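Please read the structure below before turning to the comments.
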Ligand code: 13P
Ligand code: SF4
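Right, dumping it as structure tokens:
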């Protein structure tokens with residue numbers, strides 16, 4: 002990484018009064034420049050309480066959209082227009098409308114990995130870091146969860162007294178879907194004392210093998226607090242970099258070498274620099290959509306405790 006471009010980014014951040022929010026899956030060079038690095042929930046919360054004029058989001062587009070929904074008067078930028086999470090487009094407004102009529106008594110909880118239009122039709126938003134707590138606090142016996150079926154399965158296991166219905170036919174994350182039980186079994190033989198940390202987006206057959214299922218921030222917390230010094234990491238490999246730099250004396254083993262989110266990796270130091278320099282790419286959410294989408298996000302923040 003050239004020292005000049007890092008200096009340019011730092012001085013542009015200062016001149017423009019910009020906040021740089023960085024998701025845990027980003028490249029370590031981008032982590033180093035971030036004002037806050039975190040999971041999707043932590044970053045949404047940080048965006049809500051900033052007094053900066055501009056928010057630059059190094060993460061997936063749905064995360065930047067969430068920041069824009071919470072900050073209608075601020076400029077929210079994403080350095081690449083290609084950082085679109087495919088899962089966020091699986092639960093369409095048309096499907097929301099149809100299943101609302103099919104389950105009139107259910108609360109509709111949408112994963113933060115959705116578009117602004119879909120959030121605008123939801124009762125509540127959830128992330129991997131707060132889904133169980135938020136749904137427990139809802140006080141409703143039936144909850145429709147989507148688009149991620151694996152997350153819905155995880156929530157159901159944690160709260161058996163509520164009926165958790167995954168949205169029929171949608172959806173999953175192609176990165177987390179790659180992990181197979183044999184990936185984990187092989188590593189367990191090699192590192193029998195390692196703790197297995199998995200994201201709730203992995204398949205139920207992998208969830209069964211994990212010692213702990215948590216969000217990316219949850220994994221950082223577990224690595225800090227656990228007595229173990231070896232961990233098998235079952236999520237996108239950007240988190241492995243983040244864990245290694247945060248806890249250099251511990252060993253982190255990626256469950257697969259190809260667990261890479263191509264869309265999040267579209268963000269680079271160079272397009273981050275151009276983003277700050279040229280105000281690109283600005284997130285635009287139609288005001289009527291933003292107004293409706295804000296309610297389920299605000300409600301999630303409130304119920305997260
Ligand atoms: P976290 O909220 O756990 O960081 O997850 C976001 C995501 O996109 C996982 O694939
Ligand atoms: Fe979307 Fe999966 Fe990438 Fe997360 S890892 S942003 S769910 S494609």
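In our numbering, the protein residues as written are 2 to 306. Cβ atoms here follow ideal geometry from the backbone N, Cα and C, with glycine treated the same way. All of these numbers come straight from a predicted model, not from anything done at the bench.
Asked                                                                                                                                                            : Found
Taking the runs of the beta strand (DSSP E) that are 3 residues or longer, which of them lie wholly in the segment 24 to 54?                                     : 37 to 39
The alpha helix (DSSP H) with residue 293 in it runs from where to where?                                                                                        : 288 to 304
Do the CB positions of residue 174 and residue 88 come within less than 8 Å of each other?                                                                       : yes
Cα separation between residue 121 and residue 27?                                                                                                                : 28 Å
Using C-beta distances below 8 Å, list every residue in its chain close to residue 212, excluding the 5 sequence neighbours before and after it, in chain order. : 196, 197, 198
Anyone know if the C-beta pair for residue 23 and residue 38 falls short of 8 Å?                                                                                 : yes
Return the first residue and the last residue of the alpha helix (DSSP H) that residue 165 is part of.                                                           : That residue, residue 165, is in no alpha helix (DSSP H); its beta strand (DSSP E) goes 164 to 167.
At least one CB of chain B closer than 8 Å to the CB of residue 38: is that the case?                                                                            : The structure shown contains no chain B; it is built from a single protein chain.
Cβ of residue 87 versus every heavy atom of the ligand SF4: is any distance shorter than 7 Å?                                                                    : yes
Could you tell me the distance, in whole angstroms, from the CA atom of residue 158 to the CA atom of residue 91?                                                : 23 Å
Checking the sheet assignment: what are the DSSP bridge partners for residue 318?                                                                                : Nothing can be reported for residue 318: it is not among the residues displayed for the chain, which extend from 2 to 306.
Going by C-alpha distance, which of 40, 77, 107 is nearest residue 130?                                                                                          : 40
Pick helix, strand or coil for residue 1, following the three-state DSSP scheme.                                                                                 : For residue 1 there is no data in the structure shown, the boundaries of the chain being 2 and 306.
Output the boundary residues of the beta strand (DSSP E) element that contains residue 172.                                                                      : Segment: none, residue 172 is in no beta strand (DSSP E) and carries neither H nor E.
For residue 290, tell me which candidate among 78, 49, 70, 61 has the shortest Cα-Cα distance.                                                                   : 70
Which same chain residues end up closer than 7 Å to residue 160 when comparing Cβ atoms and leaving out the 5 residues on each side of it in sequence?           : 133, 136, 137
Quick one: is the Cβ of residue 174 within less than 7 Å of any heavy atom of the ligand SF4?                                                                    : yes
Grab the span of the beta strand (DSSP E) containing residue 87 for me, first residue to last.                                                                   : Looking at the DSSP string, residue 87 is not in any beta strand (DSSP E), and its letter there is neither H nor E.
Tell me the rounded alpha-carbon separation between residue 113 and residue 210.                                                                                 : 26 Å
On the DSSP letters alone, give me the boundaries of the beta strand (DSSP E) that residue 125 sits inside.                                                      : 125 to 127
According to DSSP, residue 22 sits in a beta bridge with which residue or residues?                                                                              : 37, 58
Can you pull the DSSP bridge partners for residue 196?                                                                                                           : 232
Which first and last residues belong to the beta strand (DSSP E) in which residue 255 is found?                                                                  : 252 to 255
Three or more C-beta pairs closer than 8 Å, one from the segment 145 to 156 and one from the segment 96 to 112: is that the case here?                           : yes
Is the distance from the Cβ of residue 338 to the Cβ of residue 264 below 8 Å?                                                                                   : Because the chain is modelled from 2 through 306, residue 338 falls outside the range shown and cannot be assessed.
What I want to know is whether the C-beta of residue 54 ends up closer than 7 Å to one or more non-hydrogen atoms of the ligand 13P.                             : no
Just tell me which of 306, 254, 284, 102 has its CA closest to the CA of residue 67.                                                                             : 284
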